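First residue of the sequence shown? That's 1 in the working numbering, and the numbers climb one at a time after it.
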Amino acid sequence: MHVSSASGFPRRQQFQTVWYITLILATDALDDTSVTSSILQECANINSVWASLIVEECSRLGLTVRAPGSRSSPLAIAASAHPRITCIACYDERSLAFHAVGYARGSRIPAVVITTSGTAVSNLYPAVVEASQDFVPLVLLTADRPTELHAAGANQAIDQVNHFGSYVRFFFNLTAPTDHIKARMVLTTVDSAVNWATCSPCGPVQINCSFREPLDNSPQIWSRSCLDKLDVWISSTQPFTKYIKVQSSYAQAASYGLTSEVERMIKNSKHGLLVVGAIHQEDEIWAALALAQHLSWPVVVDILSGLRLRKLLTSYREYEKNFIFIDHFDHVLLCDAVRQWAELDVIIQVAWELSFLICSEYSLTEPHVAHIISEVVGSDTVLFIGNSMAIRDADMYSRGLVSCTNQTSQSALLCQGIHIAGNRGASGIDGLLSTAAGFAVGCKKRALCIIGDVSFLHDTNGLAILSSRMGRKPMTILVINNRGGGIFSFLPIAEKIDSEILGKYFYYNHHISVNELCAAHGVKHLLAETKLELHEALLTSQQDDADCVIEVSGAINTNASFHSLLQNYAAQAVSHAFTTLSQFSPPESSANDFLFKVAKLEYSLYGVSLAAPSTSADRTLSNYVRQGFILALTLDDGSTGFGEPGSLFPSVRCGLEMATLNAIAARQKCTLLGVLWPQPVQINVKNQQPASIDICALVDAEGSPYEVASTVSALVEEGFRAIKVKVGRRDDPREDGAVIKEIRRKIGAEIELRVDANRKWTYEKAIIFGSLVKDCGLQYIEVIKPSVVGGFENAAVIARWAHIKGKLAVVSATFETSLGLSSYVQFAYYLEMRSSEISQAVDKKPRICVAHGLGTYKWLKEDLTLDPLVICRQPKSRLVGASIDDADRVLCNFQVNCNAISRSSVEDSISTYHLGVKVDDCSYVIKVQEMGERRDGNTLLFLHGFLGTGEDWTPIMTALSGSAKCLSVDLPGHGSSKLQSLDGSGNPTEGQSLSIEVIAAVLSQLINKISTGKVTLIGYSMGARIALYMALRFSGQIDGAVMISGSPGLRDEIERRIRAAKDDSHAQSIISFGLVPFLENWYSSDLWNREHPSYDKIVASRLEHHDIHGLAKALSGLSIGRQMPLWEDLKHCKIPLMFVVGEKDEKFKSISQNISRVMGQTTIYEAVEVPDCGHAVHLENPLALVRLLRQFLTKTS
1 MHVSSASGFP RRQQFQTVWY ITLILATDAL DDTSVTSSIL QECANINSVW ASLIVEECSR
61 LGLTVRAPGS RSSPLAIAAS AHPRITCIAC YDERSLAFHA VGYARGSRIP AVVITTSGTA
121 VSNLYPAVVE ASQDFVPLVL LTADRPTELH AAGANQAIDQ VNHFGSYVRF FFNLTAPTDH
181 IKARMVLTTV DSAVNWATCS PCGPVQINCS FREPLDNSPQ IWSRSCLDKL DVWISSTQPF
241 TKYIKVQSSY AQAASYGLTS EVERMIKNSK HGLLVVGAIH QEDEIWAALA LAQHLSWPVV
301 VDILSGLRLR KLLTSYREYE KNFIFIDHFD HVLLCDAVRQ WAELDVIIQV AWELSFLICS
361 EYSLTEPHVA HIISEVVGSD TVLFIGNSMA IRDADMYSRG LVSCTNQTSQ SALLCQGIHI
421 AGNRGASGID GLLSTAAGFA VGCKKRALCI IGDVSFLHDT NGLAILSSRM GRKPMTILVI
481 NNRGGGIFSF LPIAEKIDSE ILGKYFYYNH HISVNELCAA HGVKHLLAET KLELHEALLT
541 SQQDDADCVI EVSGAINTNA SFHSLLQNYA AQAVSHAFTT LSQFSPPESS ANDFLFKVAK
601 LEYSLYGVSL AAPSTSADRT LSNYVRQGFI LALTLDDGST GFGEPGSLFP SVRCGLEMAT
661 LNAIAARQKC TLLGVLWPQP VQINVKNQQP ASIDICALVD AEGSPYEVAS TVSALVEEGF
721 RAIKVKVGRR DDPREDGAVI KEIRRKIGAE IELRVDANRK WTYEKAIIFG SLVKDCGLQY
781 IEVIKPSVVG GFENAAVIAR WAHIKGKLAV VSATFETSLG LSSYVQFAYY LEMRSSEISQ
841 AVDKKPRICV AHGLGTYKWL KEDLTLDPLV ICRQPKSRLV GASIDDADRV LCNFQVNCNA
901 ISRSSVEDSI STYHLGVKVD DCSYVIKVQE MGERRDGNTL LFLHGFLGTG EDWTPIMTAL
961 SGSAKCLSVD LPGHGSSKLQ SLDGSGNPTE GQSLSIEVIA AVLSQLINKI STGKVTLIGY
1021 SMGARIALYM ALRFSGQIDG AVMISGSPGL RDEIERRIRA AKDDSHAQSI ISFGLVPFLE
1081 NWYSSDLWNR EHPSYDKIVA SRLEHHDIHG LAKALSGLSI GRQMPLWEDL KHCKIPLMFV
1141 VGEKDEKFKS ISQNISRVMG QTTIYEAVEV PDCGHAVHLE NPLALVRLLR QFLTKTS
């Protein structure tokens, strides 16, 4: 039991002390019955008797006690004399009352507050209101003067009857102690009060206790007859009264009926929403989490639910399949349009009703602080969040899900909640620090408290409670110090009141030192002014075994502006997303309507003549040709989009994105701009000017300064308002400087002038040039070439960064034809609208539209289409530009100029056939897939892993078939391959083995049938072991071998025996129970990346095996436990080898390192780690593997 006491002393003493007393429940060293008897026998007077009975009964009920004040001396003395009570000094009734509220929040056990008479009782009022409003159990023992001293001018006497009015669940006024009243009345009063406090609805109760003199232990005769009929109670350890909660049959039926009704609603609903309100116990948090996982409904959670911040206990893929948490969604439910769009059948709400202010988004505290809360709170830590700014910001900006770094839970659930509390009953800012300290005591865990500076200053007496460290673990208090109450800066009042009045009477601007306050109370203080300092401070506080206050320094105006910026960005993003969803998901659409399946992808090589050499081309050539590719991407509904990639990978991605966007636009019957920036359908306004973008002209700086300046002047006359001059062609940058100065002199200051050296200068030369043209008004821009940066998505990210930094983002071409230019015109206009929105978000005037770098159109003598893009003076601006509508015309009606096509792709077909081979006394029919023709002597044979088939390699074979003949096989026991007896019956013999030696012999014969020369083996996992074995044993047939996630075998004989036995057991389970349960167990290993998008598809394909018995034979016979290790053979290998492992595959990364040590320094061996993948490299990151295989083939050839 815990007791706080402002212990009573005779009134002649001119000071008051508050004790915080801890009653420790029964220990082994004490006999409870003898303790009770001894306490009563030692009572000096009747006051002491009643006080001892009250304290003992509280102890038996397992309650906590906090007590300040002189008039309460009998209770305080009784508590201090109790052998199971430890007393700790403190001094403020308000803080101790809030501490009691916090303790009850954490433990769900009511705490007892003992206070003296007079205004000390009134000091409890804020905590009582909070407890009442938020259903926190609390027992108030308010000491009082006897009746005869009321209304008689006595000191410290006020009317305490029903002092808290309707905020208490129960009030009882105890008469002054007397031996004429049976003492059991005291016990029944305490028991009744506690029952009222703990029964629903829980809340505070008050027992007003009058005491006459003497208040100390002065002897006074009292009759022991008042203890009659207490013998049983004295001889036991149980409370005097036991309340048995009996539910009537009617109530039970009503409860069952309500449960049945809820169950019926859930079963009959098609679309449900689970709303989880505030939860105060960890077992209830787990229960709510289990319900969410069972229902698989979207879940909306309150910040105090314990589920707003969650720790991930499994892979994100598993979590995502079971939970859909929608954080900070309560205000969305108030919107009729959104409710109708969501089409929810039923909303189930768990725990208390949600109540958020409409202005909850107007918060002050640093969003970064809230964002990292879930990262720093471990499973052994609880979180207490203060009111006003702190809790709103935590709800708005905290991360809903983070990985658990120190997972110890064995729960079947996939994540765990974080226990969070706050004073949301009356939502005041008083007593928060004290409540947090009590909450830590009640939870018996470390605690992190986040509050604002005004809240902190309002409860500095809570620092005294911290310094007492009563029976709890260390606390960290994070104080967001904005030097005042900044919430008012977000309210309408801030715009209507003079700033001086606002700062003085609303913000309460202050310069109080948090550091000095902490020093005065002996509490450690850390100041954090940067993210790094905050991270280090939090780390330090977690490692120390002492309380710590971390002060996060900020300013009202700065944070208000940043919050406003975030809110504007969020509003824009939601609006854009909602418009997109509305456009791309017609009524009664499903999730699959957001997925577009590609049916066909074709490419052609084109060449078009240029009127002049490109700025980076060899100028000695007489014929200038632009070569590139055109992609035609067709969706499953026949919609086709075109893209224009180059030959480098970033450009390939750009062309693929271009084709994809144009295909989606064709499917949706909109423009490419409409896909990037969906807008509600608007009625066309008569005489509305068509949208366009300005074009920047491109000039090569060859010739004298006068000649180049004259060329630029002609372009200005033509209608260009921006000119980019290519420099860096001359050896001396001073010559380029002279050209730029002459251009500026000739065209004046109004024309935008840009220069581009294409990285041809050294730093020193650039400095020389810059010093010469520093007065020429050159324009700083961020040039973005989508074909160079890897497509529209990457380009949009770069442009957004530039816009936020206040820079100009210019879309630039790399001599694309009208297809690429038209796509870039629409993309550039999209960026202009994004820039305008960002300007609105930061309350800045929109910039004038930038001139984009698409002037390369002048280089095109021919075009890829018969109806090219028209770039000319625009009617509205009279400047050279490109019309958005004209760009859409080119893309929608795109027709290829066949004269420009030099070669078209022919889709490589896969040839599938079966070949029979005989080894020893067995016959094998092997399924073979073949693609491509043998070029440069390259024939590739792909070997899959256990449970795989030859089809696993189809994407990689397709990528390599242009330069090599590619074959894959279904290894014996897998896929469509068959094992047969020699009599042709199709029934394999029982003794038929599928050892690595047998499989190698089968493949050796197969190689002789499919190739006239050597082959390169590419094997994965089990196939990798086979490939390595053949490279070492059949070197006459092998050019080289690539082992993906493979091993040379187990060196230790005992390990081999254990592994062989395990694989035999697995093989038997396949035969006995089938593939489905086996696959569930097989893919539960950490080897597999269950977060990969194709994981489910991969696992499903593993069921496509015709011969289960053959598969079991393969698992047993090809077990790594039965394979002799090849480590020593590696040292003598003469064939090029490459070992490939995934970045996340720790087991095989270690094996690869061991192989490297064995092989030593040799040119025929290479080990490569592929990023962003695990064990199944060829499935998880095939593009990276294709690159490696190309490099390996080039090297070996």
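For glycine and all other residues, C-beta sits at the position ideal for the given N, C-alpha and C.
Quick caveat: nothing in here was measured; it's all calculated off a predicted structure.
- Taking every protein chain shown into account, the CB of Tyr830 has 16 or more other CB atoms within 10 angstroms, so this residue is buried.
- Judged by their CB atoms, Leu138 and Val113 are nearer to each other than the 9 Å cut-off.
- Distance from the Cα of Ile420 is smallest, within the candidate group Ile480, Gly277, Gly1142, for Gly277.
- Val514 and Tyr125 have their C-alpha atoms roughly 27 Å apart.
- Taking C-alpha positions only, Cys449 is separated from Ala440 by approximately 10 Å.
- Inter-residue distance for Leu1130 and Tyr1029 is about 10 Å (C-alpha atoms, whole angstroms).
- Across the set Phe170, Gly165, Leu227, the C-alpha of Leu227 shows the shortest separation from the C-alpha of Thr178.
- The shortest CA-to-CA distance from Gly462 to any of Asn481, Arg446, Thr435 is the one to Thr435.
- For Met1159, the enclosing alpha helix (DSSP H) covers residues 1146–1159.
- Within the same chain, Val479 come within 6 Å of Phe456 by CB-CB distance, once the 5 residues on both sides are set aside.
- By the neighbour-count criterion, in which 16 or more other beta carbons inside 10 Å mark a residue as buried, Leu187 falls on the buried side.
- Look at the region 789–818 and you find these whole runs of beta strand (DSSP E), each 3 residues long or longer: 808–811.
- For the pair of segments examined, the region 1107–1124 was found not to touch the region 1168–1179: the number of CB pairs separated by less than 8 Å stays below three.
- As the crow flies, the alpha-carbon of Ala197 is around 10 Å from that of Ser132.
- Judged by DSSP in its simplified three-state form, Asp544 adopts coil rather than helix or strand.
- For Arg424, the closest C-alpha among the options Val129, Ser1021, Tyr924 is that of Val129.
- Counting along the chain, His914 sits inside the beta strand (DSSP E) bounded by residues 911–919.
- The count of Cβ pairs closer than 8 Å, one atom from the region 744–760 and one from the region 784–799, stays below three, leaving the stretches out of contact.
- Here Ile420 carries a strand assignment [DSSP, helix/strand/coil].
- Comparing C-alpha distances from Pro1125 to each of Ile1054, Asp1107, Arg1187, Lys1097 shows the shortest one belongs to Ile1054.
- Proximity of the region 688–707 to the region 862–879 meets the contact definition, three or more beta-carbon pairs being nearer than 8 Å.
- Within the model, the alpha-carbon separation for Glu657 versus Gly452 is close to 48 Å.
- Here DSSP, grouped into helix, strand and coil, assigns Val1141 to strand.
- For the set Ile324, Leu309, Glu375, the Cα lying nearest the Cα of Ile391 is the one of Leu309.
- Taking Asn155 as reference, the option from Ile181, Gly118, Phe135, His180 with the minimal CA-CA separation is Gly118.
- Rounded to the nearest angstrom, the gap between the Cα atoms of Thr912 and Gly937 is 22 Å.
- By the Cβ test, the region 861–878 is in contact with the region 814–821, since at least three Cβ pairs between them sit closer than 8 Å.
- Sorting Leu1115, Ser1101, Ala44 by C-alpha distance to the C-alpha of Lys1062 places Leu1115 at the top.
- DSSP, reduced to helix, strand and coil, places Glu951 within a helical segment of the structure shown.
- Two segments are said to touch when three or more pairs of C-beta atoms, one from each, lie closer than 8 Å; by this definition the region 510–529 touches the region 539–549.
- Around the Cβ of Ala464, a 10 Å sphere holds 16 or more other Cβ atoms; the residue is buried.
- According to the DSSP assignment, Gln1191 belongs to the alpha helix (DSSP H) that extends over 1182–1196.
- Taking Leu915 as the centre and dropping the five residues before and after it, the same chain places the C-beta of Ile926, Val928, Leu1006, Lys1009 closer than 7 Å to its C-beta, in chain order.
- The three-state secondary structure of Met185, taken from DSSP, is helix.
- Put simply, the backbone Cα of His294 is about 54 Å away from that of Ser37.
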